[in-house]
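Read left to right, the sequence shown gives residues 0 to 132 (numbering that gives the first Met the number 0).
Glycine included, every Cβ here is placed at the ideal spot set by N, Cα and C.
On a predicted model such as this, the values are computed, not experimentally measured, just so you know.
Everything below concerns the one structure shown next.
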Amino acid sequence: MATDPDDLELSDSEAAALHDLQLGIEYVYRAYGSLLEFHHQLGHAMDRMSDAEDDLRDAGHEEWANELRDEHLPAGAISDQWTFELVEEFSTEFLEEVDAFESNVRDELADGIDHVTERRQKQRLRDRAKRED
């Protein structure tokens, strides 16, 4: 494996593709984090609604409490899926596959080195800083 990203023989298009794939993967992971946040927030919301069911029942509103219990609390968030199912499906059917794809492309084109563009930029800036004027 090459240790210096400048030693890689990459065309401009290959370097651009690697950079775009790396940024894309970072945004996929950010989206996954947002999905996890959604999962946790909705879980907290459902806990509060469950508390509301008890409160409605205590206040003598059996019909509303029963509707909440029977219709809303067991319902899925999207197309009858609960958020944990959405998280699992996203993780196993998209995140893992696209992450493996990016890794395979990076292994083939850049000897597995990630952030090639940023590493090259870092080295150029450091070299420039060392130059005497």
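Would the beta-carbon of residue i fall within 7 Å of that of residue j?
| i | j | result |
| --- | --- | --- |
| Thr82 | Leu41 | yes |
| Leu94 | Tyr31 | yes |
| His18 | Thr116 | yes |
| Val27 | Val104 | no |
Once the 5 residues before and after residue i are set aside, which same chain residues still bring their CB inside 7 Å of it?
| i | result |
| --- | --- |
| Asp5 | Arg119 and Gln122 |
| Arg56 | Ala64 |
| Ile77 | Leu85 |
| Lys129 | none |
| Ser49 | Leu72 |
Under the assumption that residue i contacts residue j (Cβ atoms under 8 Å), give the Cβ distance between them as a whole number of angstroms.
| i | j | result |
| --- | --- | --- |
| Glu92 | Ile24 | Between Ile24 and Glu92 the Cβ distance is about 16 Å, and since that is not below 8 Å, they are no contact. |
Leaving out the 5 sequence neighbours to the left and right, which residues in its chain are closer than 8 Å to residue i when beta-carbon positions are compared?
| i | result |
| --- | --- |
| Met0 | Note that Met0 scores 49 on pLDDT, short of 50, meaning its location in the model is unreliable; the coordinates nonetheless yield the value given after this. Once the five neighbours on either side are set aside, the close Cβ partners of Met0 are Asp110, Gly111 and Ile112. |
| Met45 | Leu72 |
| Glu107 | none |
| His60 | none |
Comparing the CB of residue i with every heavy atom of the ligand HEM, is any distance shorter than 6 Å?
| i | result |
| --- | --- |
| Val97 | The ligand content of the structure shown is nil, which means the ligand HEM is not present either. |
Using the DSSP secondary-structure output, state which residues sit across from residue i in a beta bridge.
| i | result |
| --- | --- |
| Gln80 | Ile77 |
For residue i, I'd like the list of residues in its chain whose CB is within less than 6 Å of its CB, leaving aside the five on either flank, ordered along the chain.
| i | result |
| --- | --- |
| Gly75 | Trp81 |
With a threshold of 8 Å, are at least 3 pairs of Cβ atoms found where one atom belongs to the stretch 58 to 78 and the other to the stretch 5 to 16? no
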